[in-house]
Every structure is written in structure tokens, then in C-alpha cells.
Amino acid sequence: MSPVTAGVLQMLALIAALALAYRPLGDHMARVYSSEKHYRPEKWIYKVIGANPSAEMRWPAYLRAVLAFSAVSVLFLYLMQQMQGSLPGSLGFSSIDPDQAFNTAASFVANTNWQSYYGEQAMGHVVQTGGLAVQNFVSAAVGMAVAVALVRGFSRSRTGELGNFWSDLVRGTVRILLPISVIGAIVLVACGAIQNFAGIHEVGQFLGGTQQWNGGAVASQEVIKELGTNGGGYFNANSAHPFENPSPFSNLFEVFLILVIPFAMTRTFGRMVGNLRQGYAILATMGVIWIGFTALMMWTEFAHHGPAFEVSGGAMEGKETRYGIAASSIFSVATTLTSTGAVNSFHSSYTGLGGGIQLLGMQLGEIAPGGVGSGLYGMLIMAIIAVFIAGLMVGRTPEYLGKKISTREIKLAACYILITPALVLCFTAAAMALPTPGNSMTNSGAHGFSEILYAYTSGANNNGSAFAGLNADTQWFNSTIGIAMLLGRFLPMVFVLALAGSLAEQKPVPDTAGTLRTDKPLYAGLLVGTILIITGLTYFPALALGPLAEGLAS
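Position 17 (the sequence shown) corresponds to 573 in the working numbering; numbering is contiguous.
Next up, the structure:
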């Protein structure tokens, strides 16, 4: 069987698995966020944190709860790293430097999981499981809660109430993420991923000396890392490490975990707004972009340019021989089109155009299908922009799901799509203009520029993957990428929740003969075009200086 055929079969198997999970998981999530019942363990949590789960919140209160919870999480994780040397199970590791501790705390709370440290050489068991793994759960649940709040904005009318953040946070964690993670961890352990609290031990000879490894609760952290579109590996090699990702089957299973909730949330959206076809239209848009990007990535990496590629069958540098080009390409696209950031290959070793596809996937806003929650609300923002553009074409006031898209709504949507590019481009320009940051580049020229552009694109878009050629463990990059991660996560949420509140206050507008049907293929095509054009106009000059220049020169 040829490697290309194997890649196509893996894609078909992945699509089949996602299709099987789509309806039951999507319907389950809709029931979770619509139910008025509180389970006993959830009541205990509400009592401990002093929250009333039945109290409805308007968007300012919902936003304050999101920001307060996240601020406390950053502080807690920062202090835990600073105290690591005094904690049990630290494996002898000392406390983390302040700038790196800030970067890591911001990263995991912002659902980015960017790492400027070697996981197996810096973090003990308590910080890994009690700090980082906990944030993998709750940061994902925060994104899902904000997405559900926006969906309620579309489904409700004549009220500014968007639900209760604490209820949404706890339910998303307890009823969705935890049960799937338990099952997924068992699957990964069966595949060969480790799950223990072993200390540091020697494992044979390495260049005349001994090599040291430590164990850890890897399988349980790996599953929520992928399921919650977090990223951030227990080991520095991430999902290329055999302890995290032992086999081709586990590799495909991890890609499934990355994609399953973001895709299924389109059905949750359709169910909650009372129109499943609207969910299918969003699903089709996501699916077209995902499949298209995967096909392009496989093409660029299988293309034979030069004798070395001819011998290896494609661009095999930096890719695990256990997976090969096809599985690495599938994983790479899945992780950059979502906010996962996990890697099973060395992104810096991809072809110039392949690296450009990775960058563009993040620069789209990670909406195909995107992160858990953030992918859905990002796509719905783009849907509003597409409706507005269509309204301009025909001279009609735009409407989406029975809600008028007026000046206020389009301003909020415009602010949302401008925040992340501003962070990426301004920080990249500053790093290139100043003398010190450039010293962290391993490569010069177009590829070196791509390293810095990729770092800020990954940070501001809350992805967390890296080109890996950049030495980001410096005060400049730890501080600026940390700021970019926090602003890139929470500023867009301000506009999403404000938009949700504005929509919820409106009176529904009945459909007429002139209403644009947003559940048809024509609209899905318009939405795809809108996404690509907006991103292209925003990032094309930067991409031309980096991956495009490198790709055309090779």
C-alpha cells in the first residue's frame, strides 16, 4: 500500500469515527447546557465556591465571572510553580523562574499550553497533575461556556440573560470532559501510554552514559490535552514521544479526540437554536476547510523536490517513522486548525509551503473546527460578518437566525476579528525591530522570520505549538508571549459576550421572501470565501515575507 493511499484511508476512518460520534455527543452537550437539574457532586462544588447555579447572569456579570475565575487560576498556578521545590512529588526539581512561571500560568489558563521549558526536566508530579492537568479541564470548560452563552444570545429574545457561568463551567467539566477523559485514558493506556507516579530512573546507555527518564500520569493528561484542545505535552517531544503517543492507532485516536467536541458542538448549536440545518451549515464550512487544508498539506509534504525527498518518499525530516508523512500531516493540520498545539512532528522541518499552511490554519482564527467552544463562537462571528457582506450586496438589512445585525453587532464582530491580528503583527514587528529578540532565532532569512511570526501567531491565537527552532525561554519572549496569550484569549471573549447580550435583548424578526437562507450550500460557500479573504488580506504581507518566500525559493 502506498503512503498516499494509507493517508487517504486514515482520513476516511477519521471522518467515519467523527460522524458516528457527532449526533450522540452533540445532543448530549445540548442537554447538559439546557438542563435545570444539578447533580449532587455539582451541588457540593457550588457550595464550596459559594455560587448560586440557578441565578441568571447578564453579559457583564457573566464576563466578570469568567475573568475572575481565570485571574484566580493564573495566580494559583503561578504560586504552585513558585512553591514547587517545597511540594511533595517534585522529583527534586526546583521552583520555576518568575518569568517562565508567569508564561506557563498564562499559557495553561488561556487554553494555549505554550511551553518554553522541558516538561520532564522542570515539572514534578504535583504541578503536572494538580496544576497543569486541572487547567486543561477548566480552561476548556470556560471556552465551551462562552460559546454556549453566545448560542443562548441567538436562541433567547427580549432578555439580556445568558445563563450562569458557574453552572456552565461545572457541567462542562463534570458531565462532558471528565467522562470522555476517563474512557480515553483507558484506551491510551491499552495502547501503551504510561500512567504512574514513578520517579527518575536510568534507562540504559546513551553516547557512553546513562539516560534518565521519569514517569508520570501521562495517559490521563494526554487525553484531556487533546480532548480540551489544550496541547502542552508531559514530555518535551510532545505527541512524538512514545510514552504519550505509542502507535499509529493511538495517533489517529488522538486526532479524533482533538476534533470530536469542536465538530459536535455544531449540532449542539443547531439543537439549542431549534434549527439543526443551521448547525449543518456551520459543520459543512468547517469540514470543507479542514479537508482542504489536510489535502494541501499532504500534497506539499509528499511532493518530490530533490534527491533526498525522492529517496525518502517525501519530506520526512522531523517526522516520526512510526507515523510517516500522511499521519503527521493529518495531525499537524488538526492541531493548527484547532487551538490544540500538540505536535507529533517537528513543524520547523516541514516544507516552506507546509509551514505556511500551519500558520494560515491558526491565522484563520482556528475555526475549522477550532478549539472547544472558541471554534464555534469564532465561526459564528464570521457567520455574522458573512451575513453583513451579503446584506451589503443586495441592499438589505442583514439578519442571522432571526436577529438583525445592526451597527452595534457588526462593530462588536469587527473588534473581535481585529484583536488577534493586531497582537500577532505588532508583537512580531517589535521582536524583529529590536536587537535582542532576534538572537533567539536558530535560522536567518525567511525561515527565521517565520519562527517569530509563528510564535506570536501561536500565542495570540491560543494554539501553543511552535516551530521549535526559536529559543523562547528568554525574558522577552516569556513576557510578551504570555501577554499575547492572555489578551488573545480574554479580549475576544469581551466582544463575544457583549454580542451575545445584544442579540438576546432583540425581538426575533420573522423570515420573509428576502431573507438570506443561512442553512443552504450557497451561504456555506460565502462563509468559506469570507473567512479566506479576510485572513488573506490581513496576513498575506507577513506570510509573503516568511513561508511563501521560503516555499517559492526552494
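Backbone N, C-alpha and C fix where the C-beta goes; we use that ideal spot for every residue, glycine too.
So residue i and residue j are in contact, right, with Cβ under 8 Å, and what is the actual spacing, rounded?
i	j	result
A890	I814	5 Å
P1048	G931	With 8 Å as the limit, P1048 and G931 do not qualify as a contact, their Cβ atoms being about 12 Å apart.
V928	A696	5 Å
I1008	T992	Incorrect: roughly 12 Å between the Cβ atoms, too far for contact.
M935	I838	6 Å
A1028	I1039	Rounded, the Cβ-Cβ distance is 14 Å, inconsistent with contact.
M997	L974	Their Cβ separation, rounded to whole angstroms, is 28 Å, which puts M997 and L974 out of contact at 8 Å.
L725	V694	7 Å
V702	Y933	6 Å
N659	N786	The Cβ separation is near 15 Å, so there is no contact.
P1103	L915	6 Å
F846	P925	For clarity, residue 846 is Trp in the given sequence; the question names Phe instead. Right, their Cβ atoms sit about 7 Å apart.
S895	M854	Between M854 and S895 the Cβ distance is about 22 Å, and since that is not below 8 Å, they are no contact.
Please report the straight-line C-alpha distance between residue i and residue j, rounded to a whole angstrom.
i	j	result
M872	N669	26 Å
L619	L1053	7 Å
A741	E782	11 Å
Q638	F1046	24 Å
F887	M567	11 Å
G563	A882	5 Å
G687	V630	10 Å
G897	A662	15 Å
Q919	E758	42 Å
R708	F944	21 Å
A754	F825	43 Å
A969	S642	47 Å
A840	F858	27 Å
G908	A1002	9 Å
H681	W600	26 Å
M842	Y578	14 Å
D653	F632	15 Å
Y634	F664	10 Å
A1100	A987	18 Å
P1066	G830	14 Å
Q834	R731	25 Å
A989	A1016	19 Å
Might you give, ordered along the chain, the residues of its own chain that have their beta carbon closer than 7 Å to the beta carbon of residue i, omitting 5 neighbours on each side?
i	result
R952	G1070
F849	V889, L893, I913 and G917
W615	G716, L718, L1053, A1054, A1056 and G1057
L1043	L979
G880	P559
Q656	S672, Y673, D1029 and N1034
N770	L647, E676, A754, G755 and I756
Who are the near neighbours of residue i in its chain, counting only those whose CB is closer than 6 Å to its CB and skipping five residues on each side?
i	result
A942	L1082, L1083 and T1086
A775	A741, L744, V745, A749 and Q751
Q777	A689 and Y790
L623	none
L832	G826
E612	E717
M828	A586, V707 and S711
A796	E876 and N900
L1108	none
G582	A820, R823 and T824
Q768	I756 and E758
S626	V665
Smallest Cα separation from residue i: which of the options?
i	options	result
G728	L1042, I780 and S651	I780
M938	H757, T1091, F625 and E676	T1091
P1064	S711, G648 and K593	S711
T877	L981, N807 and N831	N807
E592	L1026, P609, G582 and I601	P609
P977	H797, F1023, Y1095 and N900	Y1095
I940	S1000, F809, V816 and A1080	A1080
A573	F812, F649, Q691 and I966	F812
S803	N792, M853, L852 and C747	C747
I736	V816, F805, Q691 and E800	V816
I739	H903, V704 and E810	E810
N792	M949, M1041, A1024 and T1068	A1024
E965	Y906, S1000, A607 and L1059	L1059
Counting only beta-carbon separations shorter than 8 Å, does residue i have a partner in chain B?
i	result
I940	The structure shown contains no chain B; it holds only a single protein chain.
For residue i, which residues in the same chain have their Cβ closer than 8 Å to its Cβ, ignoring the five residues on either side in sequence?
i	result
Q1062	S713, R714, K959 and K960
L570	L808, V811, F812, L815 and I886
* Segments of 3+ residues assigned as beta strand (DSSP E) that fall wholly inside the stretch 708-790 -> 756-762 and 765-770
* Whole alpha helix (DSSP H) elements within the stretch 846-925, 4-residue minimum -> 863-868, 880-893 and 908-919
* **Every unbroken alpha helix (DSSP H) within the stretch 631-675, with a cutoff of 4 residues, ordered by chain** => 654-665
* Fully enclosed by the stretch 1056-1083, which beta strand (DSSP E) runs are 3 residues long or longer? -> none
* **Continuous alpha helix (DSSP H) assignments of at least 4 residues falling wholly in the stretch 566-609** => 596-605
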